[in-house]
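Here's the structure, in structure tokens; my notes come after.
Protein chains: 2
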Amino acid sequence: MVQEQKTLLAAADKLKEYKIKNTPQRQVILSYLMTSHDHPSIEMIFNYVRGNGFSVSLATVYNTLQLLIDNNLIIEIAADSGGHMRYDYFEVPHYHVICVNCNKIVDVFDDKYKKNEEHARLETGFQVFNSQYEVYGLCPECQKKLSEEA
Amino acid sequence: MVQEQKTLLAAADKLKEYKIKNTPQRQVILSYLMTSHDHPSIEMIFNYVRGNGFSVSLATVYNTLQLLIDNNLIIEIAADSGGHMRYDYFEVPHYHVICVNCNKIVDVFDDKYKKNEEHARLETGFQVFNSQYEVYGLCPECQKKLSEEA
DNA sequence: TACTATTCGAGAATGATTATCAATTGCGGT
DNA sequence: ACCGCAATTGATAATCATTCTCGAATAGTA
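Protein chains in written order, with the numbering used here: chain A, 14 to 163; chain B, 14 to 163.
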């Protein structure tokens with residue numbers, strides 16, 4: 014069985030696990046998010062689905078992503094200063110380091126920041142579902158580029 | 014001297030400190046963010062400025078906020094599921110606990126989460142400017158409301 | 001006070017997101 | 001395996017937050 018089919022099945026399993034009705038569009042979108050590590054934008058997801066021979070509309074991409082967010086399967090990242098949201102599968106907790114110059118997003122797989130969730134619960138009385146941490150700065154490439162310009 | 018004038022002067026000082034040209038609009042917007050703890054939206058800021066007898070346009074509010082963000086004086090929070098950004102003065106590090114039901118934002122003044130910035134720097138080589146942490150959950154009021162409905 | 005670069009502001013333009021609704025489809029029950 | 005129906009899809013229109021434009025007004029400086 015080829016890799017593509019495997020990840021489609023893995024996505025189907027995940028949908029069943031979360032009691033989300035399975036459709037081809039949802040399967041492809043989720044499998045893309047589960048395997049890609051490029052924090053895609055809406056547009057990238059839309060193109061990916063069509064590029065793989067499935068029909069899809071923008072409305073469906075938006076609806077599906079909202080559904081996955083509501084189920085805490087993915088998170089939304091406000092990285093792009095151009096107002097483009099980016100999406101990321103979030104089974105394994107990690108945080109994002111974002112370049113304010115080129116908008117690159119780097120994953121750091123360390124979940125220490127999650128420890129604050131318990132503190133937040135005690136402090137506020139909230140029932141906590143999730144949390145996310147973002148670091149903003151200049152990536153090594155942009156540091157070099159900008160120092161050369163100066 | 015009345016409180017309002019004091020905070021306007023404080024805002025003017027802050028602008029000078031950051032070498033940002035002082036204008037009435039910027040002074041009022043910054044002073045509002047410095048003193049209010051309600052994480053206002055664009056619309057709230059716009060109404061506040063006009064309501065205090067200053068002329069302002071939406072474009073100016075957007076421009077000013079972007080300027081303050083670029084100077085790390087304030088941060089942008091993607092709290093409102095309706096796509097409304099919220100803004101917060103960020104001199105004292107703290108994180109936000111956000112209710113996914115009513116969009117309420119609660120401040121928690123604990124900067125432990127900031128410790129991860131050093132880790133991010135070592136891990137990625139980024140030059141780190143800032144970081145923010147958000148916790149998502151249900152506030153006590155919405156917990157009660159939703160359990161009564163069920 | 002005069003100069004100049006910067007900022008302001010009203011409205012237009014843009015573009016991402018949401019709404020609409022008829023046609024289609026997944027899926028539990030028979 | 002088939003039915004029936006609730007849920008989903010998708011093309012398009014509608015909405016609305018944000019950005020752009022550019023002439024007028026203004027802040028800071030000498």
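C-beta: ideal position from N, C-alpha, C; glycine also.
Owing to the predicted nature of the structure, the values given are computational and were not obtained by experimental measurement.
- Annotation: Cβ neighbours of A:P153 in chain B (cutoff 9 Å, chain order): T137, G138, F139, Q140.
- Where B:C112 is concerned, the enclosing beta strand (DSSP E) starts and stops at 108 to 112.
- The three-state reading of DSSP puts B:S44 in helix, counting H, G and I together.
- Check the Cα spacing between A:R134 and each of B:N129, B:V121, B:T77: the tightest is with B:V121.
- The Cβ of B:H132 sits closer than 9 Å to at least one Cβ of chain A.
- Contact note: A:Y75 does not reach chain B at a C-beta cutoff of 9 Å; the least C-beta distance is about 11 Å.
- In chain order, Y146, E147, V148, Y149 make up the part of chain B whose C-beta sits under 8 Å from the C-beta of A:S144.
- DSSP places B:V62 in the helix class (H, G or I) of the three-state scheme.
- DSSP places B:Y146 in the strand class (E or B) of the three-state scheme.
- Per the C-alpha coordinates, the member of A:V41, A:E30, A:N116 positioned closest to A:K19 is A:V41.
- Annotated three-state conformation of B:L22 is helix, per DSSP.
- Judged by DSSP in its simplified three-state form, B:E104 adopts coil rather than helix or strand.
- In summary, A:C112 is buried, with 16 or more beta-carbon neighbours lying within 10 Å of its beta-carbon over all protein chains present.
- The C-beta of B:K27 comes no closer than 9 Å to any C-beta of chain A.
- The C-beta distance from B:I82 to B:D101 rounds to 11 Å, too long to meet the 8 Å contact threshold.
- Against chain B, a Cβ distance below 7 Å from A:A72 picks out nothing, because the smallest value is about 16 Å.
- Shown here for A:K117: same chain residues with a beta carbon closer than 6 Å to its own, the five before and five after excluded, namely C152 in chain order.
- With the rule of 3 Cβ pairs closer than 8 Å, the segment 27 to 38 of chain B does not count as touching the segment 138 to 151 of chain A.
- Between B:I90 and B:L71, the gap from beta carbon to beta carbon reaches 9 Å or more.
- The beta carbon of A:H97 lies closer than 6 Å to those of S54 in the same chain, with the five residues before and after it left out.
- Selection A:G138, A:N65, A:M57 evaluated against A:Y75 yields A:M57 as nearest (Cα-Cα).
- Taking 9 Å as the CB threshold, A:Y100 stays off the interface with chain B.
- Beta-bridge partners of B:I87 (DSSP): B:Y102.
- If you ignore the 5 residues before and after A:Y146, its C-beta comes within less than 8 Å of the C-beta of Y108, H109, Y126, all in its own chain and listed in chain order.
- With contacts defined as CB atoms closer than 9 Å, A:R39 and A:A23 fail to qualify as a contacting pair.
- Nearest to A:K158 by C-alpha distance, out of A:L86, A:V105, A:C115, is A:C115.
- For A:D123, the closest Cβ of chain B is nearer than 9 Å.
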